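This report refers to the structure that appears directly beneath it.
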Amino acid sequence: MFVLALVSVAALWELYKLIGPQDGGKLFGLTILPRANDIAMPHVWEMLSRYARPERRGASGSILLVVLGGAWFSLRLAFTGFVLGTLTGIGLAVLMARYRVVERGLLPYLVISQTVPLIALAPLVVSWGGKLHIGGFEWPRWLSAAVLGAFLAFFPVAVGTLKGLTSAPGPASLELMDSYAASWRHTLFKLRFPAAVPFMIPALKLAATASVIGVVVAEISTGLAGGVGRLIIEYAREATSDPAKVFTAVFAAAALGLVMAGLVALIDLAAMRNRPPRELLG
Amino acid sequence: MSEAAVEVRGMTKTFNAGRPGSVDALVDIDLTIRPGEFVSLIGPSGCGKSTQLRLIANLLEPTTGEVLVNGKSARQARLDQDYGMAFQQAGLFEWRNVAKNVELPLELKGWDKQRRRRRALEMLELVKLPEFADHLPWQLSGGMQQRVAIARALAAHPPLLLMDEPFGALDEMTREHMQSELLRVCGETETTVVFVTHSIPEAVFLSTRVVVMSPRPGRITTVVPVDLGARRGVDTREDPAFFIKVTEVREALRGMPVTDLDEPVREP
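Taken in order, these protein sequences are the chains called A and B.
Mapping to numbering that gives the first Met the number 0: the first sequence position 106 is 105, numbers consecutive.
Mapping to numbering that gives the first Met the number 0: the second sequence position 3 is 2, numbers consecutive.
Here you go:
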């Protein structure tokens with residue numbers, strides 16, 4: 000299915016190149032259709048074959064290795080961001096589930112936090128981080144990018160987990176725990192969390208892809224070198240001379256999202272192995 | 000004094016007390032249940048029978064009056080896990096296998112793993128499901144799930160079992176079978192039972208006393224003693240003595256206004 004979808008996208012791309020206007024569709028002087036020429040839209044096979052050639056003339060090894068290296072760098076950042084964001088999100092959700100007053104006070108700010116443009120926030124995080132000196136701890140630049148990934152990732156986790164913790168366990172199950180005089184902590188770990196898992200999995204999927212976006216954007220706006228975000232901005236500058244180049248990095252960023260989503264799929268499999276099969280539900 | 004398994008004195012429960020739309024769920028409830036008794040609470044919807052069970056369980060606090068369980072306050076009894084509880088929905092945790100579900104109350108009591116497992120297997124033996132210990136709840140039929148719920152409720156060997164229409168969602172055949180099984184299990188474990196139902200034959204078959212309640216406000220109207228002997232079985236349901244008691248309970252329920260107070264009528 001996945002391969003089929005990929006082929007379809009490639010076919011659509013080529014189809015548009017075939018019939019689309021070379022210099023873009025213009026309406027009242029405004030370009031509303033993308034240009035179909037080779038600089039704006041290189042052929043699919045050119046993008047793929049670009050992987051085999053070196054990054055720049057005279058460089059040894061193919062660009063594939065460079066892009067893979069960048070992807071690995073960004074993946075580690077995204078993973079760090081994902082873990083930080085997930086832990087933060089779950090922590091906030093537990094606090095909000097425990098104290099109604101925290102939920103009412105905090106939730107609106109969490110929503111607002113997501114409307115702050117990441118590009119504006121990125122330099123701030125870097126400068127705050129640079130001023131932090133806790134003991135011998137020196138804030139590395141890459142950590143800023145991971146934190147920005149976490150900043151996008153924590154939100155769906157917080158909201159999804161909160162929903163799961165509060166509404167997934169039925170009133171009968173809560174009454175049962177009450178009848179055992181179970182503490183809030185026991186109810187949290189033996190009932191609320193396991194019951195919330197089906198709500199948390201989709202939230203983690205969103206968080207996984209959000210952490211990739213956060214890291215790529217953060218690399219671009221903080222100028223952090225080494226990752227796939229930086230490659231995208233570098234290669235984009237060469238778009239006129241080497242139009243296929245930037246796509247090698249763009250695809251790598253997309254693949255990162257897939258790897259992270261695959262990671263969550265594994266978590267899903269492990270966490271839901273005891274649950275009733277889906278066809279029995281609903 | 001402390002001989003009673005459950006002692007309810009002058010208990011009243013008003014929801015939304017002192018506010019507009021307050022509902023008198025129960026008024027002037029007095030009830031003493033001796034150890035080893037099987038007492039059913041029966042009445043039309045809205046008579047407060049489930050509320051009364053929850054007051055005994057201390058899941059709700061009475062507005063006035065007091066509830067003692069084994070001579071302790073209901074709250075202390077709950078903290079001490081002096082009772083087990085079963086609901087209409089078996090309410091098994093779907094992420095735990097059958098044995099782990101039975102172990103839940105023991106975990107909360109802080110029992111160690113081996114002791115828990117041993118007791119869980121004993122309990123599954125008692126409800127005749129020993130081979131299902133490692134099954135998951137969704138792999139069991141409704142009746143089997145309810146048996147697991149009973150095993151869970153009795154796992155810590157509480158002297159008192161509180162049941163809220165536990166067989167309400169089962170089909171008639173399963174239901175009759177479960178009733179016999181419940182009597183056997185409670186007989187073997189010498190457990191006192193308070194049982195909420197809206198089925199007259201079920202109440203008569205199971206109980207040593209049937210407490211008949213009326214709605215709006217909920218109160219006890221009649222208490223029907225039943226003595227069908229300890230060895231009740233399939234034949235009991237065709238025994239004339241059984242029918243006499245069924246008629247007696249039905250008469251006691253007759254003439255009650257049939258209202259549905261689950262959604263209280265708002266008065267101006």
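Ideal Cβ positions, reconstructed from N, Cα and C, are used throughout, including at glycine.
It should be emphasised that the depicted structure is a prediction, and the values quoted were computed from it without experimental measurement.
Do you know offhand how far residue i's Cα is from residue j's?
i	j	result
T160 of chain A	I89 of chain A	6 Å
S48 of chain A	L63 of chain A	10 Å
A264 of chain A	R191 of chain A	22 Å
A10 of chain A	P201 of chain A	30 Å
V223 of chain B	V184 of chain B	24 Å
L58 of chain B	I28 of chain B	17 Å
P216 of chain B	N15 of chain B	14 Å
P197 of chain A	V66 of chain B	40 Å
N69 of chain B	F78 of chain A	56 Å
V66 of chain A	L142 of chain A	21 Å
T13 of chain B	I219 of chain B	16 Å
T186 of chain A	V233 of chain B	41 Å
T235 of chain B	V158 of chain A	56 Å
L76 of chain A	V214 of chain A	7 Å
T31 of chain B	E247 of chain B	21 Å
S206 of chain B	E36 of chain B	8 Å
V100 of chain A	V6 of chain A	51 Å
L175 of chain A	R33 of chain B	25 Å
L91 of chain B	V258 of chain A	36 Å
Does DSSP put residue i in a helix, a strand or coil?
i	result
S72 of chain B	strand
L63 of chain A	helix
T31 of chain B	strand
T30 of chain A	strand
L270 of chain B	It is not possible to answer for residue 270 of chain B, since the shown part of chain B is limited to 0 through 267.
M122 of chain B	helix
K112 of chain B	helix
H132 of chain A	strand
F188 of chain A	helix
G64 of chain B	strand
M0 of chain A	coil
L164 of chain A	helix
E45 of chain A	helix
L265 of chain A	helix
D226 of chain B	coil
K25 of chain A	strand
V115 of chain A	coil
Which residues share a DSSP beta bridge with residue i?
i	result
S39 of chain B	B:F194 and B:V209
V22 of chain B	B:F14
T221 of chain B	B:V211
Please tell me whether residue i has its Cβ less than 7 Å away from any Cβ of chain A.
i	result
G70 of chain B	no
M84 of chain B	yes
Q144 of chain B	no
Q88 of chain B	yes
A240 of chain B	no
L54 of chain B	no
R116 of chain B	no
L159 of chain B	no
L59 of chain B	no
L78 of chain B	yes
D261 of chain B	Model confidence at D261 of chain B stands at a pLDDT of 46, short of 50, so the residue's coordinates are unreliable and nothing is read from them.
Is residue i a contact residue of the ligand ZN, with contact defined as CB to any heavy atom under 6 Å?
i	result
T191 of chain B	Questions concerning the ligand ZN fall outside what the structure shown contains, since it holds no ligand whatsoever.
field: Residues of the stretch 161 to 185 of chain A whose Cβ lies closer than 7 Å to any Cβ of chain B, in chain order
entry: A171, S172, E174, L175, D177, S178, Y179, A180, A181 and H185
- request: Anything in the stretch 259 to 276 of chain A with a Cβ closer than 7 Å to a Cβ of chain B? List those residues in chain order, please.
  value: N273, R274 and P275
- prompt: Using a Cβ cut-off of 9 Å, which residues of the stretch 188 to 205 of chain A contact any Cβ in chain B, in chain order?
  reply: K189, L190, P193, A194 and V196
- request: Taking a Cβ distance cut-off of 9 Å, strictly less, list which residues of the stretch 126 to 138 of chain B are near chain A, in chain order.
  value: L135, P136, W137 and Q138
task: Pull out every residue of the stretch 91 to 113 of chain B whose Cβ sits closer than 9 Å to any Cβ of chain A, in chain order.
output: F92, E93, W94, R95, N96, L103, P104, E106, L107 and K108
- prompt: Going along the chain, which residues of the stretch 3 to 20 of chain B sit with their C-beta nearer than 9 Å to a C-beta in chain A?
  reply: none
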